[in-house]
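Down below is the structure, laid out as structure tokens.
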Amino acid sequence: MNPLATALNDRLQEIAPFLFRVLSRKGKESYFPKSGILAQSMEARETAINATIGIALEDDRSPMHLDAIGQRVHLDPKRVFPYAGCSGLPELRQQWKKLQLEKNPALAGKTTSLPVVTCALSHGLSIVSKLFLDPGDTVIIADKYWGNYNMLVQERLDVHFDLYPFFAGEGLNLAGLRERLQAAGTGKKVLIMNFPNNPAGYTPTKIEMRELVQLIKESAEAGNDIVVICDDAYFGLVYEADVDTQSLFAYLAGLHERVLAVKVDGPTKEDYVWGFRVGFVTYAAGKNLSEEALRILEDKTAGGIRSSISSSPHISQSLLLEAFADPDYAREKREKYALLQSRYKKVKAILAANRERYVPYFRPLPFNSGYFMCVELAPGLDGNAVRRTLIEHFQTGVIFIRGVIRLAYSAVPETRLETLFENLRAACEMNLHA
Ligand SMILES: Cc1ncc(COP(=O)(O)O)c(C=O)c1O
């Protein structure tokens, strides 16, 4: 083990033994190189003749670049071409933390780490999973999950998904989660929670959120060491008044000394910048966890970045900083939210108006947020066959995933939504009578 990792672990054992316990072997081995090239470059950054940095400079010390690129970007080249640093731009990290607090008032007065910039959420999930999961470990996760978790987490790390049904009736299956937490005795439990959920498009109601937090607390009180990875990819896209608008992370922060909350979030979907590849990993202290302990986790996360992609795109981070400071930013976000919400409402209206007609073919699952909703097909219908019929006969694309059809109403103009559902009904009918 690298001596820097040993030093971090020794300190963790002293100040936060719970955190040391929940780290995987790779998590324990992780460290951020405080000596070596990066550190030596940092020390030399004010020198007149700086021959440390791993980029090329013009004679006037501006970043070397091609005009073919530079003339297309209206930002100072210094904010575009050089590396942004392993943990991301310090100003962006500060700004994102401020935004997290604004969006989640429940975080007020609680200790959270500085968000570490990753190459979007997928990368953050990958790093975090490796820090807390060893091969053979189990992840407690509901059966409605983003398909890429299979590759990112299950297959890459050789861990097992302990699935429970996401829904019970018209709401969250909290009893199912409680049961999974109680199974297999007391010990380390790693959970992945994704709200608004992909594919279900569901977020806990305020009542469900309280129950969810309470049951995680009870599980910690029963002696479990709990790591909750909150995948907040679709954060903010909540369309009903009874649904909780804050992240589970905000309620888990400071909850219990044996609960570590990890927030994986970013502008990908929140700010409609899918291709920017910027995300964040943030840790929240359980009770009695110090900022120093969280900084150690930041270092271990930065080590994960250094050893995978080295750093995230600078140009995207700079553009985001500009956007967050733009006086029109908040208004534009509200407008996009309103557009998605009106599509959501239209889908609800279509389903309500056509309940009887659709019942023989499909049943909508509960949804209240995000980009998607799912329908369960009537017995006898093959989802993949329906999907193919939709493409071949109706010029309509949907996803069939683990027994349900997922419809991304976020991507369909309001005027086409009715046709989308009518096409689905017609494709089901064709298959049922085929
Ligand atoms: C639930 C969920 N988490 C994470 C991601 C990945 O986001 P990113 O594009 O930022 O890697 C997605 C993307 O579809 C998602 O649906």
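Residues in the sequence shown are numbered from 47 upward in steps of one, following the working numbering. All C-beta atoms in this analysis are idealised placements derived from N, C-alpha and C, irrespective of residue type, glycine included.
Can you check which of these residues, the options, is closest to residue i by C-alpha distance?
i: ILE35; options: GLU89, ALA114, LYS124 and ARG118; result: Since the displayed the chain opens at 47 and closes at 480, residue 35 lies outside it and no answer follows.
i: ASN243; options: PHE64, CYS420, HIS479 and LEU58; result: CYS420
i: TYR280; options: GLU316, ILE83 and GLY269; result: GLU316
i: LEU385; options: ILE262, ARG341 and ALA457; result: ALA457
i: GLY484; options: LEU427, PHE212, ALA268 and ARG256; result: Residue 484 lies beyond the range of the chain shown here (47 to 480); nothing can be said about it.
i: TRP320; options: SER362, GLU460 and LEU65; result: SER362
i: SER293; options: LEU340, LYS252, THR157 and ILE447; result: LYS252
i: LYS72; options: ALA62, GLU402, ALA51 and GLY116; result: ALA51
i: GLU368; options: TRP142, LEU340 and SER133; result: TRP142
i: SER172; options: ALA399, VAL327 and ALA472; result: VAL327
i: LEU218; options: GLU92, THR249 and GLU148; result: THR249
i: GLU75; options: LEU427, THR435, ILE342 and VAL444; result: ILE342
i: ILE238; options: ASP208, GLU216, GLN260 and ILE275; result: ILE275
i: ASP208; options: GLN146, ILE187 and ALA154; result: ILE187
i: SER357; options: LEU69, HIS206, GLY170 and GLY332; result: GLY170
i: ALA287; options: VAL273, GLN387, ALA299 and LEU220; result: GLN387
i: TYR404; options: LEU365, GLY350, GLU464 and LEU366; result: GLU464
i: ARG471; options: PHE178, LEU397, PHE413 and LEU411; result: LEU397
Just the Cα atoms here: how many angstroms apart are residue i and residue j?
i: VAL284; j: LYS382; result: 13 Å
i: ASP204; j: ALA229; result: 20 Å
i: GLN86; j: THR98; result: 7 Å
i: ALA390; j: ALA307; result: A quick correction: the sequence has Tyr, not Ala, at residue 390. Their Cα atoms are separated by approximately 30 Å.
i: CYS165; j: LEU258; result: 30 Å
i: ALA348; j: GLU338; result: 15 Å
i: ALA246; j: ASN96; result: 53 Å
i: TYR407; j: SER415; result: 24 Å
i: GLY182; j: VAL236; result: 12 Å
i: HIS120; j: HIS360; result: 14 Å
i: ASP105; j: ASP189; result: 58 Å
i: ILE262; j: LEU223; result: 9 Å
i: PHE440; j: LYS379; result: 33 Å
i: THR435; j: TYR417; result: 23 Å
i: VAL163; j: LYS309; result: 12 Å
i: GLU303; j: MET255; result: 20 Å
i: LEU301; j: GLY155; result: 12 Å
i: GLU438; j: ASN430; result: 12 Å
i: LYS176; j: ALA376; result: 35 Å
i: ALA454; j: GLY215; result: 22 Å
i: LYS394; j: TYR195; result: 29 Å
i: ASN240; j: ASP277; result: 5 Å
i: THR291; j: GLN146; result: 12 Å
i: ASN150; j: PHE212; result: 24 Å
i: ALA296; j: HIS111; result: 42 Å
With DSSP run on the structure shown, which of helix, strand or coil describes residue i?
i: CYS165; result: coil
i: ALA431; result: helix
i: PRO109; result: strand
i: PHE178; result: helix
i: ASN469; result: helix
i: SER362; result: helix
i: SER456; result: helix
i: ARG139; result: helix
i: VAL444; result: coil
i: ASN477; result: helix
i: GLY116; result: helix
i: GLU104; result: coil
i: PHE322; result: helix
i: PRO410; result: strand
i: HIS206; result: strand
i: LYS80; result: coil
i: LYS156; result: coil
i: ASP290; result: coil
i: GLU303; result: coil
i: LEU218; result: strand
i: GLU92; result: coil
i: TYR481; result: The structure shown does not extend to residue 481, since the chain is modelled only from 47 to 480, so the question has no answer here.
i: LYS190; result: coil
Could one say the Cβ of residue i lies closer than 8 Å to chain B's Cβ atoms, at least one of them?
i: VAL174; result: The chain labelled as chain B is not found in the depicted structure, where only one protein chain is given.
For review: beta carbons within less than 6 Å of any heavy atom in ligand 1: ALA166, LEU167, SER168, TRP192, ASN240, ASN244, ASP277, ALA279, GLY312, THR314, TRP320 and GLY325
Do the region 421-430 and the region 448-462 make contact, defined as three or more Cβ pairs closer than 8 Å? yes
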